[in-house]
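What follows is a single structure, written as structure tokens, with notes after it.
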Ligand SMILES: Cc1ncc(COP(=O)(O)O)c(C=O)c1O
Ligand SMILES: Cc1ncc(COP(=O)(O)O)c(C=O)c1O
């Protein structure tokens, strides 16, 4: 049943027990975004230093898809290079929009894979993307505010 | 041919040789109206006294229908009681809109009768009515400015 | 109850919608074939730019357009066709009142009164007006059954507000406001009243004269009419005070290099080429509703709503929002911890289309303390069976999500 | 020349229009069956309120709507779909620029530049803007062939105006303005340029990127699309500076009691339920035009126009207005003392529909020293025979009225 493709155990698990839920006290990136069509909102707080995401947390309420996506995202990106984060966001976006994402498949990452079913539910893509969109915008604001090498692209890893 | 019903000799005659064309120097009613959909305009000047239209003239340019209508109108109403003028305007309006106008028929007035064909050309009703609309509005303004018995309805003739 | 209407609506016979239970008419209704045909006929026989041509085709187009205006006027019992301005939708109509009337009449420091029940379309224009004019926006709250607090209204009216904007029927809670009484009280206090009829006109007999509305707005697409056409009713007493909002072709009487004069009402409010086919379609929708009779429509909606409320109440862990009695054909609810989006997706898999979200009424959501609700709304093509399928679907959803949530 | 297109347009097969020579496409075009069918199919299969529902029907409606936006973007070679805002018509689009951009950027005392050629829709909004902002409206005149006086433009540009609004093609004279060059010059002077494409988009290939327009507007109904849908193209560089004009549902991101935030472009400019069927119909019109090819359309119109000009010139006592060369498919003229209204009525009796009047360009009329002109305009369904019937009609009119006028 298509529905089971969407509501995979992993998602429901993250929804019930969200990881990194809360607000960082020492965040240097902070952004709140709303899904204009449903009112769901997310507050994302990150601590970025030396080009790495040192810590991250999310708050807000929403549906299974948006909450699970936020929870998984925080797990994945903690400790990751900012450039890599951007890459992953792009891969995730491709995954939930098209169902195809070579890069994700190659990683055999079950947590990300679990979102592949979203592509069958185009109205829910926005839910899956909310946390990631917030993340990207937050990083962009941060970059503008702190235009040092951190935010640039020393490794060339970012496309 | 329907066209000949519209462009009757009487109309064309008035169009070629408009009566009372010009601007009254001693007018106490003066109004300019435009047909918003074609830009044709008419300037009507009247001298009203003791409840009678003592004199009237029209200026402006327009099509056969609007010019002939203005010319015929000035001829008809010169020397007429204001109350009667209103009545005639109503009859004329009925005539050009519906083609039926008992009152006009009863008068056997060839000049007015000549406009009966307009009803077959609904887009031209506005042209035929322009002078009369201007007249009515002019009289109304006058009435507001000079609220004495003249403009009221002593004879009861006005409905 | 009305029966057999479903077959008049081609959308329900489309292959993709064969089993569709459409419960989102409060967002937009479906259209009977007749409305579609009326538009087609217009395009295929009588299409021209109205008001502008001296040829017969243009005259036919003009007649269609102005006849539609007269039909709308009669439908809501306006005194004259000139009181009907065609707009894109109810939203634009409210904005026209704000820019065209209120901007010219509301003074700095004056109070503008709205209610917490309002759809964003009858709320944000007043927020922005208050900002532009330095006016003060105040609210009438609703109580825990979704009824306006009329005691609070009385208090607010004592502050002599300039304008009161309120909805006749709430699209988020299903509240039916007693607009006639409210307007009578407001008028005693000298307050001009704007009524949002987007959710009332489709479902009940509306008489703008007897309710004494100053301005009244609604949308064609929620009452079986086409998209892209809405209505602003402006009582004649406000015509002199109503200024054009959009400028351009057809709304002028003359244009000079640095000055222009306006056309008469209602045309001065309709700039550029209008959606004539939309007006024609709306007229056909009014004919359709008229033949059924608005009393019959209201009765039908009422029967469905009563049945739905009865059945919903029986569900375990359901939260029903809004009034318990006299409920319009739109029901907001939540079930346990299931997020409305997840519920909507689940139901959609069973062919049941409900809305989920804030329904463009975020103040209502705030007040209820939720981010979103699920919402089912009914119209004349819905059946008792549709309601039963909704209930079955909700039971199944509880089972599906139950183990997790 | 294009042939056999007439049969694709149902209006020409309607009994009432069997012999119709429709020469008023500059006012509004007719629609091919395909455009009508596209709208019908939308209503009959995929109708729902887009952006709002979590169910598949609503998703299909959303996809239709956003696909239409992308199609429009591609058609005028915009850089991104987000640059396309759907409006009711070109008129509304100009007003959106005036209220949404110019009201926030034009300072008291600054100069706003327009041309004498403008349609009221690209003129009156700027008159009123000048009034609201205390700006100064100045004109670029046209010469006796209807060409803009580019020397005067250079002078005016030295006054550092804030904004220049001009039409790409004049609907009253048939002038085709060299917009790309004008924009280049204006940009050198730091001037933001608004282009009215109402008469160009239907007839020629338009590339908003290569012409570098800041804002560009047009109407669906003049390019074979439905009524009630128009387009505002807003170059991305102005998105941050463009403020919403109409407030309400769908254009917000969040609403609180005294403050609201806006949605992203282009949705922040589209308040309330939009004319989705209209967008779908417009997309179908674009497909239709695309398959024929805009070059072929332009060539066809050009052939008709050349033939018409040749034949008209031969008529005794004709006065032709506008350029002698490079003339768009719209021809204004007068014959002797025959008033254009009388001419239009006469021709209409022979099944020939032309426009008569000021064509919403009263400044042009003033400049020409006439109250009105007759106007014939052509589109892809017109034929050389249509032109010949016009000429025959004009000869007959001269005979009919000749003895009098
Ligand atoms: C040059 C020009 N601009 C603007 C318009 C206005 O178009 P609409 O009436 O569709 O808004 C027209 C059409 O009448 C036009 O010819
Ligand atoms: C109460 C109410 N007012 C206004 C609107 C706005 O209607 P539209 O989107 O057609 O402008 C709606 C519909 O969403 C509504 O329910």
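Chains as they are written, first to last, in my numbering: chain H, 1 to 159; chain S, 160 to 318; chain F, 319 to 723; chain E, 724 to 1128.
Backbone N, C-alpha and C define an ideal beta-carbon position, used for all residues, glycine too.
Checklist entry - Which residue spans inside the region 401-456 of chain F form an unbroken alpha helix (DSSP H) run of at least 4? => result 408-415, 442-451
Checklist entry - Which residues in chain F sit within 8 Å of residue 121 of chain H, going by Cβ to Cβ distance? => result 663
Checklist entry - Taking the beta strand (DSSP E) that residue 751 of chain E falls in, what are its first and last residues? => result Run containing residue 751 of chain E: none; DSSP gives neither H nor E here.
Next on the checklist: Please tell me whether residue 223 of chain S has its Cβ less than 8 Å away from any Cβ of chain E.
Outcome noted: yes
Checklist entry - Taking 8 Å as the CB-CB cut-off, is residue 438 of chain F touching chain H? => result no
Checklist entry - residue 6 of chain H CB to nearest chain F CB: under 8 Å? => result yes
Next on the checklist: Please determine whether the Cβ atom of residue 39 of chain H lies at a distance below 7 Å from any heavy atom of ligand 2.
Outcome noted: no
Checklist entry - Along chain E, in chain order, which residues have C-beta atoms closer than 9 Å to that of residue 34 of chain H? => result 976, 977, 984
Item to check | Unbroken alpha helix (DSSP H) run spanning residue 713 of chain F, endpoints | outcome: 702-720
Item to check | Secondary structure of residue 11 of chain H, DSSP reduced to three states | outcome: helix
Item to check | Contacting positions in the region 1013-1026 of chain E - beta carbon closer than 9 Å to chain H | outcome: none
Checklist entry - Going by DSSP, which residues form a beta bridge with residue 956 of chain E? => result E:807, E:939
Checklist entry - Counting Cβ pairs, one atom from each stretch, are 3 or more of them under 8 Å apart for the region 422-437 of chain F and the region 578-586 of chain F? => result no
Checklist entry - What's the C-alpha gap between residue 995 of chain E and residue 789 of chain E? => result 16 Å
Checklist entry - What are the residues that DSSP puts in a beta bridge with residue 32 of chain H? => result H:43
Next on the checklist: In this structure, how does DSSP classify residue 281 of chain S when only helix, strand and coil are distinguished?
Outcome noted: helix
Checklist entry - Of all the residues that make up the region 536-558 of chain F, which are near chain E by a beta-carbon distance shorter than 9 Å? => result 537, 539, 540, 544, 545, 546, 547, 548
Next on the checklist: For residue 691 of chain F, would you say it is in contact with chain E, using Cβ-to-Cβ distances shorter than 8 Å as the test?
Outcome noted: no
Checklist entry - Hey, is residue 907 of chain E's beta-carbon within less than 8 Å of any beta-carbon in chain H? => result no
Next on the checklist: Run through chain F and tell me which residues come within less than 7 Å of residue 847 of chain E, C-beta to C-beta.
Outcome noted: 565, 566, 570, 573, 578
Item to check | Segments of 3+ residues assigned as beta strand (DSSP E) that fall wholly inside the region 963-1043 of chain E | outcome: 975-978, 983-985, 1041-1043
Item to check | residue 1096 of chain E: first and last residue of the uninterrupted beta strand (DSSP E) it sits in | outcome: 1096-1100
Item to check | Under 7 Å by beta carbon: chain F residues contacting residue 2 of chain H | outcome: 667
Item to check | Whole-number beta carbon distance between residue 289 of chain S and residue 162 of chain S, since they are thought to touch under 8 Å | outcome: The pair is not a contact, with the Cβ atoms about 21 Å apart (cut-off 8 Å).
Checklist entry - Are any of the Cβ atoms in chain H nearer than 8 Å to that of residue 488 of chain F? => result no
Checklist entry - Got a sec, what are the start and stop residues for the alpha helix (DSSP H) residue 257 of chain S sits in? => result 241-257
Next on the checklist: Looking at the strands, I want to know which residues DSSP matches up with residue 1068 of chain E.
Outcome noted: Bridge partners of residue 1068 of chain E: none, in fact.
Item to check | Cβ separation of residue 513 of chain F and residue 484 of chain F, assumed to be a contact under 8 Å, to the nearest whole Å | outcome: 7 Å
Item to check | Interface flag, residue 919 of chain E vs chain F, CB-CB below 8 Å | outcome: no
Checklist entry - Nearest chain S C-beta to residue 376 of chain F closer than 8 Å, yes or no? => result yes
Next on the checklist: Please list the terminal residues of the continuous beta strand (DSSP E) segment that includes residue 890 of chain E.
Outcome noted: 886-890
Item to check | Residue from E:859, E:757, E:1037 whose Cα sits closest to the Cα of residue 883 of chain E | outcome: E:859
Item to check | Proximity of residue 1004 of chain E and residue 777 of chain E at Cβ, strictly below 8 Å | outcome: no
Checklist entry - Cβ of residue 514 of chain F versus every heavy atom of ligand 2: is any distance shorter than 7 Å? => result yes
Checklist entry - Where does residue 274 of chain S sit, in a helix, a strand or coil, going by DSSP? => result coil
Checklist entry - Taking the beta strand (DSSP E) that residue 61 of chain H falls in, what are its first and last residues? => result 52-61
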